[in-house]
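Residues 701 to 861 (our numbering) make up the sequence shown, in order.
Backbone N, C-alpha and C fix where the C-beta goes; we use that ideal spot for every residue, glycine too.
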Amino acid sequence: MTSHTRVVYPGTFDPMTNGHLDLVERASNLFDEVVVAIAASEKKKPLFDLQQRIELAQEVVAHLPNVEVKGFRKLLVHFCQEEKANVLLRGLRAVSDFEYEFQLANMNRALDPGIETAFLTPSEHLSFISSSLVREISGLNGDVSPFVPAPVLAALKAKHG
């Protein structure tokens, strides 16, 4: 007998990139349910507000029936508890990500030993993409079309002209 697994994939997603989408699509094949959890992260001064990021992500993952998108403004483990999710999904682009992610995973485990962290690496051709680079390139009127889904590209063009 297999158990039903609900995973939370948290992030700021400002904006969602093809790397994020790659992880969501692969997670949707590994887990019964995937919750893309978009952190408010007001301290980061996001380019898109929380509602815009939620709507963009919903549009991007609409083709995945077992994926839902939700925003949150609380401690991540509390969000996972409310969602009845016992797995956190994190992406690792490079070895440089590992130390920070390892620290986060251990802190989350200390806060709630019932929540495990699973790591996925993006497809190789997407491993260099980051939201901050996309924002920077887009803000300087560079072409980010290879790095983001179409709805995100349209939103970036509307934002930057």
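1. Please specify which runs of the alpha helix (DSSP H), each continuous and at least 4 residues long, are wholly inside the region 769-810, giving them in chain order.
2. Whole angstroms are fine: how far does the CA of Lys859 sit from the CA of Ala794?
3. Apply the 10 Å Cβ neighbour rule to Tyr709 and answer buried if 16 or more other Cβ atoms are within range, or exposed otherwise.
4. Which residues in the same chain as Met701 place their Cβ atom closer than 8 Å to its Cβ, once the five residues preceding and following it in sequence are excluded?
5. Which two residues bound the contiguous alpha helix (DSSP H) that contains Gly839?
6. Would Arg773 be called buried (16 or more neighbouring beta carbons within 10 Å of its own) or exposed?
7. Quick check on Asp843: buried or exposed, where buried means 16 or more other Cβ atoms within 10 Å of its Cβ?
8. With 16 as the cutoff for other CB atoms within 10 Å, does Val761 come out buried or exposed?
9. Measure the C-alpha to C-alpha separation of Tyr800 and Phe819 and round it to an integer number of angstroms.
10. Reducing DSSP to helix, strand and coil, say where Gly719 ends up.
Short version:
1. 776-783
2. Your numbering for residue 794 matches position 94 in the sequence shown. Your numbering for residue 859 matches position 159 in the sequence shown. Going by the C-alpha atoms only, they are around 30 Å apart.
3. The sequence position of residue 709 within the sequence shown is 9, counting from 1. Tyr709 should be labelled buried.
4. Numbered from 1 along the sequence shown, position 1 holds the residue referred to as residue 701. Its pLDDT being 41, under 50, Met701 is placed unreliably in this model, and the value from its coordinates should be taken loosely. Same-chain partners within the cutoff: there are none.
5. What you label residue 839 is simply residue 139 of the sequence shown in a count that begins at 1. Note, Gly839: alpha helix (DSSP H), 831-839.
6. Here residue 773 is taken as the residue at index 73 of the sequence shown, counted from 1. The residue in question, Arg773, is exposed, as its Cβ has fewer than 16 Cβ neighbours within 10 Å.
7. Looking up residue 843 in the sequence shown gives position 143. Classification for Asp843: exposed.
8. Taking the first residue of the sequence shown as 1, we reach residue 761 at position 61. With 16 or more Cβ atoms within 10 Å of its Cβ, Val761 is classed as buried.
9. Position 100 of the sequence shown holds residue 800. Position 119 of the sequence shown holds residue 819. So the alpha carbons of these two residues sit roughly 13 Å apart.
10. Here residue 719 refers to the residue found at position 19 when the sequence shown is read from its first residue. Correct three-state label for Gly719: helix.
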